[in-house]
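Engineer:
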Amino acid sequence: CQGITNRLNRLSSTDDHYANMLKTYSNCTVVLENLEITHMEEHRDLSFLRSIEEVGGYVLIALNTVSRIHLDNLRIIRGHSLYDNKFALKVISNYNKSTGLGTSELLLNSLTEILKGGVKISSKMLCNVDTIQWNDIVNTETKPAMELPEKSNNPQCQKCHSSCFNGSCWAPGSQNCQQLTKLNCAQQCSRRCNGPAPSNCCNEHCAAGCTGPRATDCLACRDFQDDGVCKDSCPGLIRYDPNLHQLVPNPHGKYNFGAKCVKTCPHNYVVTDHGACVRTCSGNTYEIEEGGIRKCAKCDGLCPKVCNGLGTGELANTISINATNIESFRNCTKINGNINIIRTSFDGDSYTKTPKMHPSQLDVFKTVREISGYLLIQQWPENLHSLSPFENLEIIRGRTKRGSRSLVVAGLSITSLGLRSLKEISDGDVIITMNKNLCYTSESHWKKLFRSEGQSATIKENADVATCAQRNNICDRKCTAEGCWGPGPDMCFTCSDYSRGGSCVDSCNILEGESRETVVNKTCVKCHPECERMNGTTTCSAPGSGNCTRCANFQDGLFCVSRCPRGVPGEDDMLVWKYADNNKVCQLCHRNCTQGCTGPGLAGCQDKSTSGFSLIAAGVVGGLLAVLLAGLSVFVLLRRRHIKRKRTMRRLLQERELVEPLTPSGEAPNQALLRILKEPEFKKIKVLGSGAFGTVYKGLWVPEGEDVKIPVAIKVLREATSPKANKDILDEAYVMASVEHPHVCRLLGICLTSTVQLITQLMPFGCLLDYVKENKDNVGSQYLLNWCVQIAKGMNYLEERHLVHRDLAARNVLVKTPQHVKITDFGLAKLLNADEKEYHADGGKGVTVWELMTFGTKPYDGIPASEIAGILEKGERLPQPPICTIDVYMIMVKCTWGWMINAVNRPRFRELIAEFTKMARDPSRYLVIQGDDRMHLPSPTDKKLFRTLISGEGLGGRGRCRRVFGAPAWILQQPKHFSHASAPLYNYMNQNGASDMMNPNYKYPGPPRSILPTISSDDTESEYLNCFKNGTIQPEYLNEVPSSSNFPFTPNTQKYAPQNSIDNPDYQQDFTPTFKTHTNGHIPAAENTEYTSV
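Position one of the sequence shown corresponds to residue 1 (full-length UniProt numbering), numbered consecutively onward.
(1) If we call anything under 8 Å between Cβ atoms a contact, is residue 822 one with residue 751?
(2) Going by C-alpha distance, which of 355, 260, 194 is nearest residue 226?
(3) Indicate whether residue 1150 and residue 315 have their beta-carbon atoms separated by less than 8 Å.
(4) Grab me the residues of residue 772's own chain with a C-beta within less than 8 Å of its C-beta, minus the 5 sequence neighbours each way, in chain order.
(5) When burial is assigned at 16 or more other CB atoms within 10 Å of the CB, is residue 890 buried or exposed?
(6) Look at the Cβ atom of residue 545, then the Cβ atom of residue 532, and state whether they are nearer than 8 Å.
(7) Can you tell me whether residue 97 is buried or exposed? The criterion is at least 16 other CB atoms within 10 Å of its CB, across all chains shown.
(8) In terms of residue numbering, what span does the alpha helix (DSSP H) encompassing residue 58 cover?
(9) Suppose the cutoff is 8 Å on Cβ atoms and the five residues either side in sequence are ignored; what does the same chain contact list for residue 193 look like?
(10) Excluding the 5 residues flanking residue 101 on each side, which residues of the same chain have their C-beta closer than 8 Å to its C-beta?
(11) Mind checking which residues open and close the alpha helix (DSSP H) that includes residue 44?
(12) Identify every run of the alpha helix (DSSP H) within the region 738 to 810, keeping only runs that are complete inside it and at least 4 residues long; order them along the chain.
(13) Could you pull out every unbroken beta strand (DSSP E) segment of at least 3 residues lying fully inside the region 195 to 256, listed in chain order?
(14) Sorted by chain position, which residues of the same chain lie with C-beta nearer than 7 Å to residue 134's C-beta, five sequence neighbours on each side aside?
(15) Where does residue 275 land, buried or exposed, given buried means 16+ other C-beta within 10 angstroms?
(16) Going by C-alpha distance, which of 138, 636, 141, 127 is nearest residue 151?
(17) State the beta-bridge partners of residue 714 as determined by DSSP.
(18) Suppose you measure from the CA of residue 651 to the CA of residue 879; what does that come to, to the nearest Å?
(19) Whose CA, out of 55, 47, 521, 334, lies closest to the CA of residue 30?
(20) By Cβ distance, which residues of its chain are closer than 7 Å to residue 694, with the 5 residues on each side in sequence left out?
(21) Identify every residue that forms a DSSP beta bridge with residue 504.
(22) Specify the secondary structure class of residue 346 as computed by DSSP and reduced to three states.
(23) Going by DSSP, name the residue or residues bridged to residue 429.
(24) So, with DSSP's three-state summary, where would you put residue 599?
(25) If you run the structure through DSSP and keep just helix, strand and coil, what is residue 443?
(26) Starting from residue 20, trace the alpha helix (DSSP H) both ways and give me its first and last residue.
(27) Look up residue 147 in the DSSP assignment and say whether it is helix, strand or coil.
(28) For the alpha helix (DSSP H) containing residue 579, list its first residue and its last residue.
(29) Based on Cα-Cα distance, which residue from 540, 16, 606, 14 lies nearest to residue 567?
(30) If I measure Cβ to Cβ from residue 979 and keep anything under 6 Å in the same chain, skipping five residues before and after, which residues do I get?
(31) When you compare each of 488, 597, 79, 560 to residue 576 by their alpha carbons, which one comes out closest?
(32) Candidates 37, 25, 359, 81: which alpha carbon is nearest residue 323's?
(33) Check each candidate in 824, 789, 862 and name the one with the smallest Cα separation from residue 849.
(34) Please state if the CB of residue 736 and the CB of residue 747 are separated by a distance shorter than 8 Å.
(35) For residue 75, is the classification buried or exposed, using 16 other Cβ atoms within 10 angstroms of its Cβ as the cut-off for buried?
(36) Would you mind reading off the limits of the beta strand (DSSP E) that contains residue 688?
So, in structure tokens, the structure goes:
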């Protein structure tokens, strides 16, 4: 028998529960699954349990008040499934406190082995179980869980009979003594025995003891039993024939079914090729029925979707369908397992935190056609009047049952079942009860669904016939007297006349109707589409194209076809060609017609030239033309995008100077452009630093409507809190947008958000103060004096533009490359009007030089700013740096604010340019640094640096430098006034060519190239430099401002070839930029260092 898996639940009244147990276990010898004895009252007769000898799962004895439980012949519990995953035998709560009644005797006289699992016994009334030697029964090697009771306190318990070994018994009397089969065995015995002598050892295939040494003497088999013989496996279905040297069917082959070998599997099980009786097919197989035997066959393509139900797979320990697992059944055709729909399915469970399930989710079951286990429904939505989600369910296998039942519908408010597709209930009983509104419940129909003897249907406590008739809940008139599943012609068990598509009809469309039909077993079946629709007579006699009265198109033999066969393979690999005669009947072409024919004989043969060759040729030509057109379209599109991008870059990168107008003050108008940016146009990447005025971020600027990405520095100022602060911020933007010099940072734009953001050029190496500190071991005299020259040039430019920095220090000088620095941070800058007096700001230059010469030492360290003026008035000055000669130190003394009290005595920046340029020609004479000739700072052409700059965040990589270089020139659009050849160029505009920028003397004026460290060139350097050298790229950056005719042309001369630094124009005494012109009169914008700040 199958067994029960209800655990501690009782699904019906106590009488029904007892009746279910009686039916399940009567005359049962082997329980395939679990033996559950629960809720048995004191007056129940349990003698029907005496026939049970073997249990495949666990034994549960709980919630009983019957005094004695008879399991006298139970020999072995295999423990294939365990209660709580631990116990093969569990005896609990067999006592009623209110009545004082309980189970006092558990007769397991024959139990001698539990193959797997432990034992738990908790019962106050139970006698003698505390005397049992459990180590003789359980498999101690697996260390099972054991929870055994202490000595019983029941005063009615009697002692074991004196003949019992070690006083172990299940009940009083000699017949109830425990039978030992392991503890008293000789050492030679491997497992069990029937006595202490070595000759009493049992066969190795025996379990639970034996009567002799042979495999046929076992009381139970450890693995399989084959006709009374214990074996480790059943005979295979296929054996090897040594004479034929191949596998042949084994006439003695048997199937594995539980612990037995059987010739045939039970009718409700599936047979596999491996010789086993299984409940479900596995892998890429599905169930089919051949000769009345259900087998597993391989799927031809995709298998129908099979889902695990309750009790299997991931739902093995799940009680019911609920909101957390119902979606796993979507699109399932078959369910391996069970379906339980109970109260917690819809109400949820607060203990397990299971949410409520919406009734509409039940529609997932509309695709289910088969359930291998049982279907139990004890709760249903009030708005559903039938079990319509299961309207397509065809088979309930019942391979696992709820007790003895495979279909249970109880306690619902439905009016009809609605299971209109149900054709079979393979095993198990049916119970439809306590559904107060349920009609359409004919008991006679259920017998037609059963497939085994002993199945029964219990239909009770539903709506009576009179109530159903009063509500007009009766079957449709088109149904037969057998009944129906519900209202309507589509719910009939059988139709009184005809059926079409599962619904009963009065007649079929034989002589009339849009689509003509024929009748097959009282079912309307459509005629084949190739049948011509007839009037006054039948269109077809049966389904299929060979049963048409007349063909709609052509007739080929007995069949109607849409056209005659052309080139269809026939006998002897010959192609069959046919043509249609005047009667639209297909006739064979002449045997020599190899390309088809249009009529009889050789005259009807088709010429090869008119065959499909011309069509193939036309198709090939057409395809090539299509590919060519597609390729041209793609090329034109890409070309247009390239030209558009090129024009955009040229428009944005060209700078045109305005003619300096005459003004009463003599000052040129400030026509700098200030770009107002939107916040979505730029993206912050990481923080570079912060200070008193705000935080600086590294970021990317993507101008709106343009396909370029520009690396920038984003200065987010602290939120303005006063009108004066707002005015200061706008003044800084005004000042920074007005500058244009290689050694002064420019403003690219401003974003007027709540916290104002300034967008400036990105300097890769940070501020000069930190750079000097980090590289003080590599900074030589040449670099220090070069930086002094460049800072002086930048400050001289600001002085000429009536700009005062007021905060000049090394921290406000940024390093673009080790050979190129720029002045920044105009937070304290002020723009003097033309009629204002001069403001002397040379003093910051001296402190900046002192910071450089001391490699970043903080001046007046430890002295409050308020006390510095007093210290200076007392004559104290910053000390002379160790590396400085007296010449350099005297410049600091002359120019530093506070060092020379009288501002008239301080040198101007133009004079400082001359002084530092003179020193830069011979640096070792003015700065004494140990190992000066070997010092070398990392070159900006280093591979790692250029890869960082070229392929930085969001910039892309190789081949995209043209989209990035020159970006800072966006801030100025050259006016068109300078489009003629006579237009002059401002003296602060960098006129150097691309070749000059590659000149090492241009990069870092000083000693000859030969004495500087060698800089290796690699692919990365080439990639970076190609952005300047490539002639095909350079026109995109051409500055179309014609050169003045007053400037000399040097078309074939490299003015700044590698030579001594004294020849470098940066150090010439006149300190005015020398203009380098080109033969075409244009100055490439890429040659301006402003366009190389990545």
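Glycine is no exception: its CB is placed at the ideal position from the N, C-alpha and C atoms.
Since we're looking at a predicted model, the values are computed, not measured.
Structural biologist: With the structure as the only source:
(1) Counting from one through the sequence shown, the residue named residue 822 turns up at place 822. Counting from one through the sequence shown, the residue named residue 751 turns up at place 751. No, Cβ-Cβ distance for residue 822 and residue 751 is not below 8 Å.
(2) Translated into positions along the sequence shown, residue 226 becomes position 226. It is 260 whose Cα lies nearest to the Cα of residue 226.
(3) The chain is shown only over 1 to 1094; residue 1150 falls outside these bounds and no answer can be derived.
(4) The residue given as residue 772 occupies position 772 in the sequence shown. The residues 779, 810, 851, 852, 855, 856, in chain order, have a CB closer than 8 Å to that of residue 772 in the same chain once the five nearest residues on each side in sequence are set aside.
(5) Here the question's residue 890 lines up with position 890 in the sequence shown. Burial call: exposed.
(6) Translated into positions along the sequence shown, residue 545 becomes position 545. Translated into positions along the sequence shown, residue 532 becomes position 532. Against a cut-off of 8 Å, the Cβ pair of residue 532 and residue 545 comes out as no contact.
(7) The residue you call residue 97 lines up with position 97 of the sequence shown. Exposed is the call here.
(8) For the purposes of this step, residue 58 is taken as the residue at position 58 of the sequence shown. Neither: residue 58 is in no alpha helix (DSSP H) and is coded neither H nor E.
(9) If you number the sequence shown from 1, residue 193 lands on position 193. Closer than 8 Å at Cβ, skipping near neighbours: 181, 182, 184, 185, 186, 200, 201, 202, 209, 210.
(10) Within the sequence shown, residue 101 is the residue found at index 101, counting from 1. Cβ within range, chain order: 42, 65, 67, 95.
(11) Start at 1 with the first residue of the sequence shown, and residue 44 comes out as number 44. Note, residue 44: premise wrong, no alpha helix (DSSP H); not H, not E.
(12) 768 to 774, 781 to 800
(13) 206 to 210, 218 to 221, 224 to 226, 229 to 231, 238 to 241, 246 to 249
(14) Counted from its first residue, the sequence shown places residue 134 at position 134. 119, 146, 148.
(15) Taking the first residue of the sequence shown as position 1, residue 275 is located at position 275. Classification of residue 275: buried, given that the 10 Å Cβ count is 16 or more.
(16) Stepping through the sequence shown from its first residue, residue 151 is reached at position 151. The candidate whose alpha carbon is nearest that of residue 151 is 127.
(17) On the sequence shown, residue 714 is found 714 positions in, with the first residue counted as 1. For residue 714, the pairing in a beta bridge is given by DSSP as 697, 759.
(18) Taking the first residue of the sequence shown as 1, we reach residue 651 at position 651. Taking the first residue of the sequence shown as 1, we reach residue 879 at position 879. Straight-line Cα distance between these residues: approximately 53 Å.
(19) Within the sequence shown, residue 30 is the residue found at index 30, counting from 1. Comparing Cα positions, the closest option is 55.
(20) Residue 694 sits at position 694 when you count from the first residue of the sequence shown. Closer than 7 Å at Cβ, skipping near neighbours: 715, 716, 717, 718.
(21) Locating residue 504 in the sequence shown gives position 504, counting from the first residue. Residue 504 pairs with 499.
(22) In the sequence shown, counting from the first residue as 1, residue 346 sits at position 346. If DSSP states are grouped into helix, strand and coil, residue 346 belongs with the helices.
(23) Here residue 429 refers to the residue found at position 429 of the sequence shown. Answer is 405, bridged to residue 429.
(24) Counting from 1 along the sequence shown, the entry for residue 599 is found at position 599. Coil, per DSSP.
(25) Translated into positions along the sequence shown, residue 443 becomes position 443. Residue state, collapsed to three classes: helix.
(26) Numbered from its first residue, the sequence shown carries residue 20 at position 20. Per DSSP, residue 20 belongs to the alpha helix (DSSP H) from 14 to 25.
(27) Counting from 1 along the sequence shown, the entry for residue 147 is found at position 147. For residue 147, the three-state secondary structure derived from DSSP is strand.
(28) Looking up residue 579 in the sequence shown gives position 579. First-last for residue 579: 575 to 580, but that is the beta strand (DSSP E), not the alpha helix (DSSP H).
(29) Translated into positions along the sequence shown, residue 567 becomes position 567. It is 606 whose Cα lies nearest to the Cα of residue 567.
(30) Walking along the sequence shown from the start, residue 979 turns up at place 979. With a pLDDT of 32 at residue 979, under the threshold of 50, the modelled position of this residue cannot be trusted; read the value that follows with caution. Nothing meets the Cβ criterion.
(31) Here residue 576 is taken as the residue at index 576 of the sequence shown, counted from 1. Nearest of 488, 597, 79, 560 to residue 576, Cα basis: 597.
(32) The residue given as residue 323 occupies position 323 in the sequence shown. Taking only the C-alpha atoms, the option nearest residue 323 is 359.
(33) For the purposes of this step, residue 849 is taken as the residue at position 849 of the sequence shown. Of the listed residues, the one whose Cα sits closest to residue 849 is 789.
(34) Stepping through the sequence shown from its first residue, residue 747 is reached at position 747. Stepping through the sequence shown from its first residue, residue 736 is reached at position 736. In contact: residue 747 and residue 736 (Cβ atoms closer than 8 Å).
(35) As a working note, residue 75 is residue 75 in the sequence shown. So residue 75 counts as buried.
(36) Walking along the sequence shown from the start, residue 688 turns up at place 688. Counting along the chain, the beta strand (DSSP E) containing residue 688 begins and ends at 682 to 690.
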